[in-house]
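In the numbering used here, the protein residues as written are 1 to 38.
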């Protein structure tokens with residue numbers, strides 16, 4: 001049972017920073033495109 005609980009938590013900890021990094025990259029690309037249109 002502990003393994004079933006720890007598994008998803010470990011995956012969540014790994015994926016959270018990745019999701020934040022992806023969001024940051026998308027925001028940067030969005031700002032670059034926006035500044036080019038301006």
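In this text, a Cβ means the ideal position worked out from N, Cα and C, and glycines have one as well.
C-alpha distance - residue i paired with residue j, whole-angstrom precision
i          : j          : result
residue 30 : residue 19 : 16 Å
residue 26 : residue 9  : 25 Å
residue 21 : residue 32 : 17 Å
residue 13 : residue 23 : 16 Å
residue 34 : residue 7  : 40 Å
residue 28 : residue 17 : 16 Å
Residues near residue i in its chain [Cβ-Cβ closer than 6 Å; skip 5 each side]
i          : result
residue 37 : none
Open item on the list: Could you tell me which whole beta strand (DSSP E) segments of length 3 or greater appear in the segment 5-33?
Closed with: Within the segment 5-33, there are no complete beta strand (DSSP E) runs of at least 3 residues.
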